[in-house]
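Number of protein chains: 2
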Amino acid sequence: MSIIYMLIPTPKEDLIVVKIGGNVIDNDESLNAFLRDFSKITSKKILVHGGGKIATEIASRLGIEAVMVEGRRVTDKAMLDIVTMVYGGLINKNIVAKLQALGNDALGLSGADGNSILCMKRPVKEVDYGFVGDVKDVNNAFISKVLDIGMIPVMSPLSHDGAGNMLNINADTVATTLSKAMSKNYNVTLLYCFELKGVLSDFENKDSVIPKLNYNSYQDLKQKGVISKGMIPKMDNSFDAIKNGVSIVVICHSDNMLMASRGIETGTVLA
Amino acid sequence: MSIIYMLIPTPKEDLIVVKIGGNVIDNDESLNAFLRDFSKITSKKILVHGGGKIATEIASRLGIEAVMVEGRRVTDKAMLDIVTMVYGGLINKNIVAKLQALGNDALGLSGADGNSILCMKRPVKEVDYGFVGDVKDVNNAFISKVLDIGMIPVMSPLSHDGAGNMLNINADTVATTLSKAMSKNYNVTLLYCFELKGVLSDFENKDSVIPKLNYNSYQDLKQKGVISKGMIPKMDNSFDAIKNGVSIVVICHSDNMLMASRGIETGTVLA
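For the record, the sequence lines run as chains A and B.
Counting from 20, one number per residue, gives the positions in the first sequence under this note's numbering.
Counting from 20, one number per residue, gives the positions in the second sequence under this note's numbering.
Shown next, in the form of structure tokens:
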């Protein structure tokens with residue numbers, strides 16, 4: 020008689036990374052409703068927030084004009100200070116205070132805090148984007164420690180260059196990069212929440228949600244022009260996440276985030 | 020023959036709490052020099068920063084006037100948003116980024132983050148101070164965890180009310196309250212750094228530093244009018260800290276902070 024050994028890998032713990040954009044942040048009522056839902060997620064979780072219109076509004080009130088080069092927004096020093104104030108201060112701290120009131124032990128972070136996301140200033144090629152960062156490294160050990168002591172990281176779309184300067188980063192990129200890095204230790208679900216019900220097959224029909232997409236069907240729809248400009252970076256980010264260890268990405272309306280977090284089919288599921 | 024047992028208490032670990040004010044923050048060169056010094060402190064440490072003139076300047080550029088009632092500044096909602104942006108975002112994140120560049124693993128916090136400092140809105144008596152908080156509770160368990168995972172807390176003078184609202188708090192009060200709470204687990208030295216060499220016996224002579232003060236000699240000098248208006252809240256805070264477990268308080272010039280942190284006599288030592 021012989022004994023058969025089986026090596027069963029320990030299942031990874033679940034981690035849900037939720038990204039919300041400006042449409043939720045700009046409206047106090049939607050933000051409160053969203054945070055109430057977010058507070059009900061019982062697994063480990065991370066919230067990544069974007070910027071919203073407040074930064075642009077404050078910049079314009081301060082007489083700082085958005086600098087555009089070849090149709091792309093440039094972050095000069097004045098604008099960097101504005102986003103550091105608005106994203107890292109106003110938006111981040113208010114979300115943290117609201118989550119605390121909902122019994123969620125939130126911890127507001129920028130990429131500089133705990134060196135959680137290290138960036139390099141985007142190299143100047145055709146366009147000098149100014150103080151904009153490309154992610155170099157995610158400190159998943161630090162984020163794991165934060166989760167382990169029972170905290171909920173709330174990430175603003177800001178980082179640093181390791182040389183003492185803050186940098187502006189794209190919130191979608193933060194969500195993707197963080198999810199990829201955390202998938203080494205966690206079973207990560209990434210939820211992109213926005214103002215639409217999902218990826219649409221007909222932009223004129225807000226209900227024409229494509230329920231499921233894989234990389235091949237996405238390429239196909241992209242080629243046919245069904246998936247258009249605005250969605251392409253988000254989709255590319257999402258499939259990059261899946262290719263790099265993230266279990267599921269769901270693109271859904273922020274009102275349906277809680278359903279998505281519970282595995283109930285809503286929005287567009289990418290796998 | 021009998022055996023005699025002796026209970027020797029484990030010595031507490033050292034913790035240095037440093038408070039810097041506006042004079043250091045408002046000048047990039049002084050801030051950099053100060054942070055270089057701060058980065059050299061090898062024991063566990065916490066940095067508490069004040070506000071500086073930037074908030075007032077940005078408020079005035081946004082057309083928001085400081086509201087004064089009976090000679091006291093009032094924090095209305097517009098001003099609360101400004102201080103949340105400037106203290107919690109601009110100042111806090113830039114200090115964190117600079118400390119990271121100096122090899123110090125800094126973590127920027129407001130009182131809302133990790134519920135580190137819970138406040139209540141100051142009750143309205145003769146004056147309604149608006150969104151100003153009085154400290155109700157310091158979460159020293161959370162701060163200890165942050166220190167234990169090797170992080171350096173950088174505290175902005177902001178807190179929350181536990182009901183979802185941010186509150187403006189006095190940075191000196193943050194430093195004192197934090198020091199008192201942490202003294203349960205640590206041997207705390209509190210360093211108040213400002214633009215003078217210490218507590219002066221003659222305000223006209225910037226070198227007339229009183230090297231040592233205890234509570235009785237302070238009361239005596241206060242009665243004689245030697246210690247004047249501006250210093251009284253700082254001194255009252257300091258002696259309150261000492262009465263409540265803080266080992267030493269030093270009031271010194273920010274240039275001499277590193278010396279003070281090493282126990283070299285500088286400024287005014289209160290014990």
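Backbone N, C-alpha and C fix where the C-beta goes; we use that ideal spot for every residue, glycine too.
Supposed contact pair residue 108(A) and residue 105(B) - C-beta distance, whole angstroms, cut 8 Å:
Against the second sequence, residue 105(B) aligns to sequence position 86. Against the first sequence, residue 108(A) aligns to sequence position 89. With 8 Å as the limit, residue 105(B) and residue 108(A) qualify as a contact, their Cβ atoms being about 7 Å apart.
Could you list which residues in chain B have their beta carbon closer than 7 Å to that of residue 100(A), in chain order? To locate residue 100(A), count along the first sequence from 1; it is residue 81. Within 7 Å Cβ-Cβ: 109.
Review point. Would DSSP call residue 205(B) helix, strand or coil?
Key: Taking the second sequence and counting its residues from 1, one reaches residue 205(B) at position 186. Note: residue 205(B) maps to strand in three-state DSSP.
task: Examine the Cβ distances between the stretch 113–133 of chain B and the stretch 108–119 of chain A and report whether three or more of them are shorter than 8 Å.
output: Yes, the stretch 113–133 of chain B is in contact with the stretch 108–119 of chain A.
task = Using a Cβ cut-off of 9 Å, pull out every chain B residue sitting near residue 120(A), in sequence order please.
result = Within the first sequence, residue 120(A) is the residue found at index 101, counting from 1. Neighbours of residue 120(A) on chain B, chain order: 179, 180, 181, 182, 183 and 184.
Inset, instruction - Inspect the beta-carbon positions of residue 93(A) and residue 147(A) and report whether they are closer than 8 Å. - result: Walking along the first sequence from the start, residue 93(A) turns up at place 74. Walking along the first sequence from the start, residue 147(A) turns up at place 128. Contact flag set, yes.
Are the CB atoms of residue 86(A) and residue 95(A) nearer to each other than 8 Å? Walking along the first sequence from the start, residue 86(A) turns up at place 67. Walking along the first sequence from the start, residue 95(A) turns up at place 76. Taking a C-beta distance under 8 Å as the contact criterion, residue 86(A) and residue 95(A) qualify as a contact pair.
message: With three or more beta-carbon pairs closer than 8 Å as the criterion, would you say the stretch 177–195 of chain A touches the stretch 150–160 of chain A?
response: yes
Handout entry: residue 208(B) versus residue 110(A) - alpha carbon distance
Key = For the purposes of this step, residue 208(B) is taken as residue 189 along the second sequence, with counting starting at 1. For the purposes of this step, residue 110(A) is taken as residue 91 along the first sequence, with counting starting at 1. So the two alpha carbons sit approximately 34 Å from each other.
*For residue 265(B), which of 290(B), 242(B), 278(B) and 79(B) has the nearest alpha-carbon?*
Numbered from 1 along the second sequence, position 246 holds the residue referred to as residue 265(B). Distance check between residue 265(B) and each of 290(B), 242(B), 278(B) and 79(B) places 290(B) closest, using alpha-carbon atoms only.
Q) Can you name the start and end residues of the alpha helix (DSSP H) that residue 236(B) belongs to? A) The residue given as residue 236(B) occupies position 217 in the second sequence. 234–242 is the extent of the alpha helix (DSSP H) around residue 236(B).
Q. If we cut at 8 Å on Cβ distances, does residue 105(A) have a partner in chain B?
A. Taking the first residue of the first sequence as 1, we reach residue 105(A) at position 86. Closer than 8 Å to some Cβ of chain B, the Cβ of residue 105(A) qualifies, so yes.
Review point. When the Cα atoms are used, what is the spatial distance from residue 233(B) to residue 250(B)?
Key: Sequence index remark: in the second sequence, residue 233(B) carries index 214 (1-based). Sequence index remark: in the second sequence, residue 250(B) carries index 231 (1-based). A direct Cα-Cα distance of roughly 15 Å separates residue 233(B) from residue 250(B).
> Out of 22(A), 30(A) and 71(A), which has the shortest C-alpha to C-alpha gap to residue 191(A)?
Replying inline: Taking the first sequence and counting its residues from 1, the one referred to as residue 191(A) is at position 172. Comparing Cα positions, the closest option is 71(A).
Checklist entry - Along the chain, which unbroken stretches of the beta strand (DSSP E) at least 3 residues long are found entirely within the stretch 81–116 of chain B? => result You should have 86–88 and 91–93.
Query raised in the report: By Cβ distance, which residues of its chain are closer than 7 Å to residue 123(B), with the 5 residues on each side in sequence left out?
Result: Mapped onto the second sequence, residue 123(B) falls at position 104. If we look at residue 123(B) and ignore the five residues flanking it on each side, its Cβ neighbours are 58 and 171.
Considering only the beta carbon of each residue, do residue 157(A) and residue 120(A) sit closer than 8 Å?
Within the first sequence, the letter at position 138 stands for residue 157(A). Within the first sequence, the letter at position 101 stands for residue 120(A). Taking 8 Å as the Cβ cut-off, residue 157(A) and residue 120(A) do not qualify as a contacting pair.
Margin query: Considering Cα atoms alone, identify which of 288(A), 168(A), 75(A) and 223(A) is closest to residue 210(A).
Written below: On the first sequence, residue 210(A) is found 191 positions in, with the first residue counted as 1. Among 288(A), 168(A), 75(A) and 223(A), the Cα nearest to that of residue 210(A) belongs to 288(A).
Taking a Cβ distance cut-off of 7 Å, strictly less, list which residues of the stretch 156–172 of chain B are near chain A, in chain order. 164, 168 and 170
Next on the checklist: Please classify residue 226(A) as buried or exposed, where buried requires at least 16 neighbouring CB atoms within 10 angstroms.
Outcome noted: Mapped onto the first sequence, residue 226(A) falls at position 207. Counting Cβ neighbours within 10 Å, residue 226(A) comes out exposed, since fewer than 16 surround it.
Consider the Cβ of residue 112(B): report whether some Cβ of chain A lies at a distance smaller than 8 Å.
-> Residue mapping note: residue 112(B) aligns to position 93 of the second sequence, counting from 1. Chain A contact via Cβ: present.
task: Verify the CB distance criterion: does residue 200(A) have a CB-CB separation below 8 Å to chain B?
output: For the purposes of this step, residue 200(A) is taken as residue 181 along the first sequence, with counting starting at 1. So no, residue 200(A) is outside the interface.
With 16 other CB atoms within 10 Å as the buried threshold, where does residue 222(B) fall? By 1-based counting over the second sequence, the position of residue 222(B) is 203. Label assigned to residue 222(B): exposed.
Point to revise | Collapsed DSSP secondary structure at residue 261(A) in the structure displayed | key: Taking the first residue of the first sequence as position 1, residue 261(A) is located at position 242. Here residue 261(A) sits in helix by DSSP.
Quick check on this structure: which residue in 217(B), 256(B) and 37(B) has the alpha carbon closest to the alpha carbon of residue 68(B)? For the purposes of this step, residue 68(B) is taken as the residue at position 49 of the second sequence. With distances taken between Cα atoms, residue 68(B) lies closest to 37(B).
Checklist entry - Name the chain A residues that come within less than 9 Å of residue 124(B), Cβ to Cβ? => result Start at 1 with the first residue of the second sequence, and residue 124(B) comes out as number 105. Below the 9 Å Cβ cutoff, chain A contributes 133, 134 and 161 as neighbours of residue 124(B), in chain order.
Mapping DSSP to helix, strand and coil, what is residue 213(A)? As a working note, residue 213(A) is residue 194 in the first sequence. The answer is strand: DSSP assigns residue 213(A) an E or B state.
Practice item. With residue 162(B) as the anchor, note down where its alpha helix (DSSP H) starts and where it stops. Key: Position 143 of the second sequence, counted from the start, is the residue given in the question as residue 162(B). Counting along the chain, the alpha helix (DSSP H) containing residue 162(B) begins and ends at 159–167.
| When DSSP builds the beta bridges, which residues end up paired with residue 184(A)? | As a first step, residue 184(A) is located in the first sequence; it is residue number 165 there, counting from the start. In DSSP, residue 184(A) forms no bridge with anything.
Q | Buried or exposed by the 16-neighbour rule on C-beta atoms within 10 Å, applied to residue 182(A) | A | Against the first sequence, residue 182(A) aligns to sequence position 163. So residue 182(A) counts as exposed.
Q. What residue range is occupied by the uninterrupted beta strand (DSSP E) comprising residue 284(B)?
A. Residue 284(B) sits at position 265 when you count from the first residue of the second sequence. Neither: residue 284(B) is in no beta strand (DSSP E) and is coded neither H nor E.
- Please go through the same chain and pick out, in chain order, the residues whose beta-carbon is closer than 6 Å to the beta-carbon of residue 240(A), but skip the five residues on each side of it. Walking along the first sequence from the start, residue 240(A) turns up at place 221. 246.
### Query
Since residue 177(B) and residue 75(B) are thought to touch, with beta carbons under 8 Å apart, how far apart are those beta carbons, to the nearest angstrom?
The count along the second sequence starts at 1 and reaches residue 177(B) at position 158. The count along the second sequence starts at 1 and reaches residue 75(B) at position 56. That belief does not hold up - the Cβ atoms of residue 177(B) and residue 75(B) are roughly 16 Å apart, past 8 Å.
Practice problem: Would you please verify whether the beta carbon of residue 152(B) is less than 8 Å from any beta carbon of chain A? | Solution: Looking up residue 152(B) in the second sequence gives position 133. Output row for residue 152(B): interface = no.
Checklist line | Neighbouring residues, chain B, relative to residue 115(A) (Cβ below 8 Å) | finding: Here residue 115(A) corresponds to residue number 96 of the first sequence, with the count starting at 1. Neighbours of residue 115(A) on chain B, chain order: 129, 131, 132 and 179.
Next on the checklist: Against residue 81(B), what residues of chain A qualify as contacts under a CB-to-CB distance less than 7 Å, listed in chain order?
Outcome noted: On the second sequence, position 62 is the one that residue 81(B) refers to. 80 and 81, listed in chain order.
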